Amino acid sequence: MNEPKVKRDPEGTRRRILDAATQQFSAHGLAGARVDAIAAAADTNERMLYYYFQSKEGLYVAVLEGMYVEFANHGVNEDLSGLQPADAIRALALSTWDYFRANPQWLNLINNENLHGGQYLARSAKLREASSPVISLLSAILARGTTAGEFRADVDALDFYVTLVAMGYYVVSNRFTLKAFVGRDYSEPSVIEAVSTMQVEMLLSFLRTASAAAPLHPASVGTTARRDAARMT
Numbered sequence: 001m002n003e004p005k006v007k008r009d010p011e012g013t014r015r016r017i018l019d020a021a022t023q024q025f026s027a028h029g030l031a032g033a034r035v036d037a038i039a040a041a042a043d044t045n046e047r048m049l050y051y052y053f054q055s056k057e058g059l060y061v062a063v064l065e066g067m068y069v070e071f072a073n074h075g076v077n078e079d080l081s082g083l084q085p086a087d088a089i090r091a092l093a094l095s096t097w098d099y100f101r102a103n104p105q106w107l108n109l110i111n112n113e114n115l116h117g118g119q120y121l122a123r124s125a126k127l128r129e130a131s132s133p134v135i136s137l138l139s140a141i142l143a144r145g146t147t148a149g150e151f152r153a154d155v156d157a158l159d160f161y162v163t164l165v166a167m168g169y170y171v172v173s174n175r176f177t178l179k180a181f182v183g184r185d186y187s188e189p190s191v192i193e194a195v196s197t198m199q200v201e202m203l204l205s206f207l208r209t210a211s212a213a214a215p216l217h218p219a220s221v222g223t224t225a226r227r228d229a230a231r232m233t
């Protein structure tokens with residue numbers, strides 16, 4: 001009697017290896033992650049790991065690539081075309097920062113790779129392609145804002161995106177050390193809302209033209225007038 005054939009699922013095996021490796025690298029870094037533990041968690045053997053990824057370092061690069069692509073796609077998948085330019089910037093920023101809070105593994109992996117000086121990411125031939133769609137999306141939003149007379153025309157989309165990402169990344173990545181250092185818990189919902197509101201307004205204030213700038217709060221106007229009067233006396 002013939003034994004039933006085992007159905008091969010190469011893509012499923014590869015996916016399980018990547019998922020298991022993501023857990024290991026996020027928790028232990030490149031040096032501390034164990035190939036045998038990854039293979040066991042993926043319900044496969046070490047031979048298959050080397051078959052698909054050639055080496056532990058090759059697997060690590062594949063994990064980083066996948067995480068960056070997923071992050072970039074998250075921004076692109078946001079439907080912002082129907083929003084006014086300022087609302088689209090706000091939605092993109094809040095969605096990006098929410099992604100960090102929902103994906104602590106991503107932060108751990110990026111922090112670990114920075115300890116390696118980015119040398120393993122530099123091996124990726126396709127990584128930079130991942131950022132192109134979200135930069136194009138942001139460029140389109142900025143262009144719409146410029147056409148509408150709301151945004152400045154001299155904003156570099158890449159620099160602005162890096163700044164947007166950095167604002168949210170810092171308070172999430174450093175939430176534990178910030179709590180110990182300054183005594184404020186930046187993972188508390190009320191603090192998240194207050195800081196996010198401030199950061200969005202900072203981004204929009206940079207983008208606005210002089211004619212489109214939001215009017216000053218009455219208290220601020222009074223303070224400014226008193227300061228100007230003092231200078232003239």
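Counting along the sequence shown from 1, when you hit position 213 you're at 213 in the UniProt record's numbering, and nothing is skipped either side. The beta-carbon is built from N, C-alpha and C at its ideal position, and this holds for glycine as well. Note that the structure is predicted; figures quoted are calculated from it, not measured.
- Under DSSP, R152 shares a beta bridge with no residue.
- In this structure, DSSP gives R208 an extended state, which the three-state scheme calls strand.
- Assignment of L109 by DSSP, reduced to helix, strand and coil, places it in the helix class.
- The residues A153, in chain order, have a CB closer than 6 Å to that of T146 in the same chain once the five nearest residues on each side in sequence are set aside.
- Per DSSP, reduced to three states, the secondary structure at G145 is helical.
- Straight across, the Cα-Cα distance linking E65 with T177 is about 28 Å.
- If you check the CB distance, A72 and V134 come in under 7 Å.
- Its Cα nearest to that of E11, the residue L49 stands out among M202, S81 and L49.
- Note that the stretch 177-192 does not touch the stretch 129-143; fewer than 3 beta-carbon pairs, one per stretch, sit closer than 8 Å.
- Taking the C-beta atoms as reference points, L107 is found no nearer than 7 Å to E113.
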